[in-house]
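Below is one structure, written out as structure tokens; comments come after it.
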Amino acid sequence: MPLVWETIVARAKRNRARIALGVGSEYADKTVAGAEHAASEGYADVVLVTRERLHTKLPVIISPDPEAELINVLKAGKADGVVRGSLSASNTLKSLKTSMGLKKVMRVSLLKTPDGQFFFFAPVGVDEGWTVEEKVELGVLGAALMKRFGIEPDIGVLSGGRTGDRGRSPRVDKTLDDAEEVARRLNATGIKAAHAQILIEDAVREHNYVIGPDGISGNLIFRALCLVGCGEGYGAPLVGTDIVYVDTSRAGSGYENAICMASALCSKK
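Structural data, given as structure tokens:
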């Protein structure tokens with residue numbers, strides 16, 4: 165997907181949507197820096213939502229409950245989309261579900277390896293992707309997200325071992341069975357998919373969308389790549405809804421990328 169990010173950037177600049185970004189006190193400086201970078205690049209018009217005063221020329225909304233206020237700004241139509249930024253994940257997602265009437269939250273992330281290989285990835289939330297049905301749903305919804313950017317999805321479904329490892333552990337066997345079933349069901353819907361075994365190093369080269377075995381391993385893969393290694397995260401948009409919400413990691417960086425992603429996903433008015 166050599167042109168995926170260029171496509172997203174071009175669409176963001178064309179939309180120049182109004183994006184609200186959450187700013188937590190622990191990572192305020194780098195969050196504000198990312199917002200200012202995004203604004204200067206013309207990705208979006210950014211408004212910051214936080215608990216305390218910030219040193220920036222960008223507009224700021226101060227609230228004793230910034231997680232709830234971030235979602236309120238979106239619900240009230242004061243922003244076209246929101247990026248969680250460095251606010252608490254659990255509190256923000258709770259507000260998102262409550263205020264927007266969502267029963268569950270599913271996200272698909274865009275990641276980049278140290279050598280510049282882009283790929284979409286899910287699940288990234290520890291409570292997501294635990295059943296065959298959830299992984300199939302992530303596959304279908306992630307494929308729809310990719311097609312919005314003109315990308316034909318090719319999904320690699322990870323499991324807990326190689327096919328030759330069958331019989332070594334009941335838990336591994338279950339992941340092998342699940343991955344094969346997920347790939348089978350996705351192919352039945354017309355989406356190209358294959359069981360990629362435990363070989364994530366091959367999966368990111370051979371497929372443009374990788375689905376992990378479960379939410380914990382998915383979150384660990386993201387952290388190993390982006391927070392320990394030298395990979396990059398470009399935001400994890402909410403899928404399965406018209407709501408433009410892009411999730412991020414508080415410990416990560418590159419908030420300008422998530423702002424760009426959010427702006428690109430907004431409908432041009």
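Using my numbering, read the sequence shown as starting at 165 and increasing by one per residue.
Ideal placement from N, C-alpha and C gives every residue a C-beta, glycine not left out.
Remember, predicted model here, so these are calculated numbers, not experimental data.
{"query": "Per-residue DSSP class, three states only, for Thr214", "result": "strand"}
{"query": "Environment of Gly393 [buried if 16+ CB atoms lie within 10 Å]", "result": "exposed"}
{"query": "C-beta atoms of Ala428 and Arg175 nearer than 7 Å", "result": "yes"}
{"query": "Gly289 versus Arg178: straight-line alpha-carbon distance, rounded", "result": "30 Å"}
{"query": "Nearest neighbour of Pro401, chosen from Glu292, Val272, Arg330 [CA to CA]", "result": "Val272"}
{"query": "Spatial distance of Arg326 from Glu205 (CA atoms)", "result": "44 Å"}
{"query": "Within 7 Å, strictly: CB atoms of Val210 and Ala192", "result": "no"}
{"query": "Cα-Cα separation, Cys424 to Thr171", "result": "11 Å"}
{"query": "CA-to-CA distance, Ile380 to Ile362, given in whole angstroms", "result": "15 Å"}
{"query": "Ser259 vs Glu231 beta-carbon contact at 7 Å", "result": "yes"}
{"query": "Distance CB(Ile407)-CB(Gly303) smaller than 7 Å", "result": "no"}
{"query": "Straight-line gap, Ile150 to Val237 (C-alpha atoms, nearest Å)", "result": "In this structure the chain extends from 165 to 433, so residue 150 is not present and cannot be described."}
{"query": "Cβ-Cβ distance between Met270 and Val403 below 7 Å", "result": "yes"}
{"query": "Sufficient close CB pairs (3 or more, under 8 Å) joining the segment 244-260 to the segment 281-288", "result": "no"}
{"query": "Residue environment, Asn421, which counts as buried when at least 16 other CB atoms sit within 10 Å", "result": "buried"}
{"query": "Pair within 7 Å by beta-carbon distance, Ala360 and Leu305", "result": "no"}
{"query": "For Glu292, the residue or residues it bridges with in DSSP", "result": "Answer by DSSP bridge pairing: none, since Glu292 is not bridged."}
{"query": "Nearest to Pro278 (by Cα), restricted to the options Val368, Ser431, Leu384, Ala181", "result": "Val368"}
{"query": "Simplified DSSP assignment, three categories, for Arg271", "result": "strand"}
{"query": "Proximity of Cys430 and Ala181 at Cβ, strictly below 7 Å", "result": "yes"}
{"query": "Asp341 - containing alpha helix (DSSP H), residue span", "result": "334-352"}
{"query": "Supposed contact pair Arg332 and Leu340 - C-beta distance, whole angstroms, cut 8 Å", "result": "Not really, about 10 Å apart at Cβ, beyond 8 Å."}
{"query": "Per DSSP, the bridge partner or partners of Ile225", "result": "Val213"}
{"query": "Inter-residue Cα distance where the pair is Ser413 and Ala243", "result": "21 Å"}
{"query": "For Arg217, the nearest candidate out of Gly186, Ala208, Tyr207 (CA to CA)", "result": "Gly186"}
{"query": "Cβ pair Leu212, Leu222 closer than 7 Å", "result": "yes"}
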